[in-house]
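Under UniProt numbering, the first residue of the sequence shown carries the number 1, and numbering increases by one thereafter. All C-beta atoms in this analysis are idealised placements derived from N, C-alpha and C, irrespective of residue type, glycine included. Computed from a predicted structure; not experimentally measured. Worksheet for the structure shown next.
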Amino acid sequence: MEYRFSEIEATIQAAWRKENIYKVEEDAAKPAYYVLDMFPYPSGAGLHMGHPLGYTASDIFARYKRLKGFSVLHPMGFDAFGLPAEQYAIQTGQHPAETTRINSERYRKQLDRIGFSFDWSRQVVTSDPSYYKWTQWVFSRLFEYYYDTKEEKAKPIKELIAHLEKFGTKGLNAYSTTAPEIDNVTWNQYDEAAKSNFLMHYRLAYLGESMVNWCPELGTVLANDEVSEGISIRGGYPVIQRKMTQWCLRISAYGERLLKGLEDLEWTDALKETQRNWIGRSEGAELHFQVQGTDKDIAVFTTRIDTIYGVSFLVLAPEHELVDTITTDSARAEVNAYIADTKRKTERERMADRRISGAFTGAYALHPLTREALPIWIADYVLAGYGTGAVMAVAAHDTRDFAFARHFNLPIRQVICADGEEPTSTSGWEDAQTAKEGHLVNSDQYNGLSVKEATQQLLDLVEEKGIGKRRITYRLRDAIFSRQRYWGEPFPIYYKDHIPHLLSNDKLPLELPPIDSYKPTKEGIPPLGRAKNWCTEEGYPFELSTMPGFAGSSAYYLRYMDPHNEAALVGKKANEYWRHVDLYIGGTEHATGHLLYSRFWCMFLYDLGLVCEAEPYRRLVNQGMIQGKSCFVYRIKDTNRFVTLSQKDKYETTAIHADINLVKDGCLDIEAFRAWRPEFENAEFILEADNTYHCGTATEKMSKSMYNVVNPDDVIDQYGADTLRLYLMFLGPLEQSKPWDTKGIEGVHRFLKRLMGLFWKDEEWIVTNEKASSESYKTLHKLIKKVGEDIESISLNTAVSAFMIALNELSEQQCHSTEILEPLLIVLSPFAPHLTDWLYRKLGYDSSIVVAEWPKYDESFLIESEITYPISFNGKVRFKLALPADSSKEQIETAALSSPEAAKWLEGKTPRKVIVVPGRIVNIVI
């Protein structure tokens, strides 16, 4: 019978919809299992092949767990807020909500075509007011809470206020890196504005000054991953560093818990290490260096107090608050020029850049122990948001300080020496000595002490002298939570006398108002500044910024548990049933963004007693990328001329991505390219000798921005959804990135066609109720065991291979028995749900294969009754011999030597030696 996949898949999908087969409820009689994908942003381009890779893997697992008797929550939604929709609105005038609705509908149709088992009744769309009401609600709670360092949990800000009223900050166990100490008299004398400003040092959601990536053309702050080489990813506009007052989340307060929480999670070691490095816990001391001739001092955090006598200069971040104050008139021009240049780089670029640059402020600081005057420099390798934004440079024992000192001819002083060695002249050194073991030299009375001994004594000394204190710091910085754009969650904040106040819960959601333009105002005010009556009933203005993209994704997993609850983000009953995500699949690129922020939100809600688990994602699997073939055209710099591939090295050129659909056999359709990119309508194209334009190519991440996407709809039209699903898994291990290549897809498609051959011959149904052979049972139960283990370990490529081997064996065995074919279909159904469900119903079942039961494998069928031994003579295999599996070593040797085949190789000779490895080989030495 012909495999009419389009007809089969349409029929089965219609049946699923009619039966509402994927709707799930809390069922106390079943164990719960929660499978989640990182939901997509619904762009106008629709799905590309990178999306269904992870979704197929999670769908296989969800279907498998359902067959194993679990109540499986497998939801889907859309991460709908963000800059792309707003930019499209600016270009077209279409409201972002309408764009999002159209794109989401297209995504859903594409996802359904692939046959995913999503419970769409639980759909979450972050731009839906009924959803972002709860994002606003969580923000409100963050604003109303502080972090108690003694109890290690969030507590109401009203308790902190009560302490301030009685004692001031004395004895206050509250996390803050910026709050000054005050007494209760001072607190009680503060007016409302002063109290509000003071509490911002403690609130978990607060207003604070931060260095941000500011894009003047887009009129908004950008996240690091939205900027590359000082240019915005979206639009290609210049981005500068700018200090702005922003709403922030005090995620740094949870640094220690975020670290400890990683220990029990089933995440890859690599991903855990990424988060550990990002959190960056350090134990050390905070020291104070007085600026010479002033009452100012510079705070420095160091993990190497043992090197204090090796400090020969200080380096400040260009944004450090003291730079402008301490810079001398003679140095000001150079310092200002350096600061201007630094503003064009993101912090990520500064961290990666190994070029040496800096400027001398003309000022000096006094060494806290020796009182030596140390020159104060600024350099972009020091970042304002890390530590104190200042570094005590010990050039002899720090690689970057060493390079900086050599470049600017600054002193290098050795103060740590390996045991058994004497200090040497640093003039001959090629690099810093960074070893953390040895003894101190050139360090006054601490000479000869081990690093460990000196560290403890010097920590005691600086605390005794009042010039420093022991401190634990984290590299993790508070999250900037403001975006100066329209398409995002409004803050539930209004301002009365310039003091921020929360909207009451009964006024939520605060919905986005209509505006006439999505651009910032001429004065640079965010787009919400254009809204009419954007204020409370009393006339108090609302916040003009909106929340960032990660706001909506930080608790969406909780809303899926209880999406229609109007009284709570998630109800207690639903939360205690589903508890947490058991399997989460998504990309590693979210390691230091979404995955960290959502863990923080979960811990905070756990502190409030609103959720029963402190961690949101128990097991996390990172899918690799599907890579696409990108095509490039080469534009001669500062011209409107393009050169073909063979000539690009003759000129200074810029590579520009071309849509792969405009390229055939490596040659560009120039007229189609001009129509696609009207700005190049009049461009000149220098061609090859055969009058064609040859493009360059590269294998890159499949991405709409690189115009190299493959639409899954095209593959489904040609081969069907089941073939696409199987092939995506067959490409290789899920965690590995791999290029999209359809060379093997015909083989997978033939596998499904051949599967039909077990059920039909021509148009005749050949399935029987006859007893299957022992070989067929062995094939089946070997498959059940193998596929179950592979699904549990997400080794889905090897499971597909196992299906192919089993089909070959069953075909050779001419097996058409329902005893084998029915469980075979069930085991295959998570991978190819349409064809298996259709065949299952043809076997006579009224219900879907989705609600079947995973077959149990029988170990007795996996026990080998016979073993076939290769019989070798002098190491060369001459024949094979089947023997009972329980044969002893002596029995194997006797059988091998007495077999008729052995006689002709022995030719009457007596063997010198017989080597028998039971279960493997026999080697006869003659």
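Asked	Found
Alpha carbon of Thr399 to alpha carbon of Leu668, nearest angstrom	49 Å
Under the three-state DSSP convention, the category Gln414 falls into	coil
Given 8 Å, three or more beta-carbon pairs between the region 757 to 774 and the region 785 to 803	no
Terminal residues of the beta strand (DSSP E) in which His657 lies	Thr653 to Ala658
Cβ-based burial, Ile472 [other Cβ within 10 Å; buried from 16]	exposed
Contact between the region 468 to 484 and the region 282 to 292 (3+ Cβ pairs under 8 Å)	yes
Cut-off 7 Å between Cβ atoms - residues of its own chain near Glu421, not counting five sequence neighbours on either side	none
Among Ser71, Gly230 and Phe542, the one whose alpha carbon lies nearest that of Asn533	Phe542
Trp120 (DSSP reduced to helix, strand or coil)	helix
Endpoints, the alpha helix (DSSP H) within which Val827 is located	Thr818 to Leu828
Length at least 3, wholly inside the region 798 to 877: the beta strand (DSSP E) runs in chain order	866 to 873
Coil, strand or helix - Glu538 by DSSP	coil
Backbone CA spacing between Gly593 and Ser130 [nearest angstrom]	25 Å
Distance, Ile161 Cα to Gly171 Cα	13 Å
Range of the contiguous beta strand (DSSP E) that encloses Glu700	Gly696 to Lys701
Inter-residue Cα distance where the pair is Cys815 and Pro823	13 Å
Residue closest to Arg754, alpha-carbon to alpha-carbon, out of Leu810, Asp741, Val35 and Leu796	Leu810
Same chain, Cβ closer than 8 Å to Gln813, five either side skipped, listed in chain order	Ser773, Glu775, Ser776 and Thr779
Asp460 classed as buried or exposed, judged by whether at least 16 other C-beta atoms fall within 10 angstroms	exposed
Phe632 - containing beta strand (DSSP E), residue span	Ile626 to Ile636
Sub-9 Å separation of Arg66 and Val827 beta-carbons	no
Beta-carbon gap between residue 940 and Trp16 smaller than 9 Å	For the chain, the structure presents residues 1 to 926; residue 940 sits outside this window and is missing.
Which listed residue (Tyr206, Thr245 and Arg579) has its alpha carbon closest to that of Val72	Arg579
Inter-residue spacing [alpha-carbon to alpha-carbon] between Asn188 and Asp306	43 Å
Cβ contact check for the region 314 to 323 and the region 389 to 409: 3 or more pairs under 8 Å	yes
Own chain residues within Cβ distance below 8 Å of Ala179, not counting five before or after	Thr169, Phe198, His201 and Tyr202
Exposure label - Ser598; buried when at least 16 CB within 10 Å	buried
Euclidean distance between Cα positions of Ala80 and Gln292	54 Å
Coil, strand or helix - Ser545 by DSSP	coil
Under the three-state DSSP convention, the category Arg725 falls into	helix
Where the beta strand (DSSP E) through Asn622 begins and ends	Tyr617 to Asn622
Bridge partners - Pro918, DSSP secondary structure assignment	DSSP output for Pro918 lists no bridge partner at all.
Assigned secondary structure, Asn575 (DSSP; H/G/I helix, E/B strand, else coil)	helix
Residues bridged to Cys248 [DSSP beta-bridge criterion]	Tyr206 and Ile480
Contact under 9 Å by Cβ, Ile924 with Ala896	yes
Limits of the unbroken beta strand (DSSP E) element including Gln110	It is not in any beta strand (DSSP E) - Gln110 instead sits in the alpha helix (DSSP H) that spans Pro96 to Ile114.
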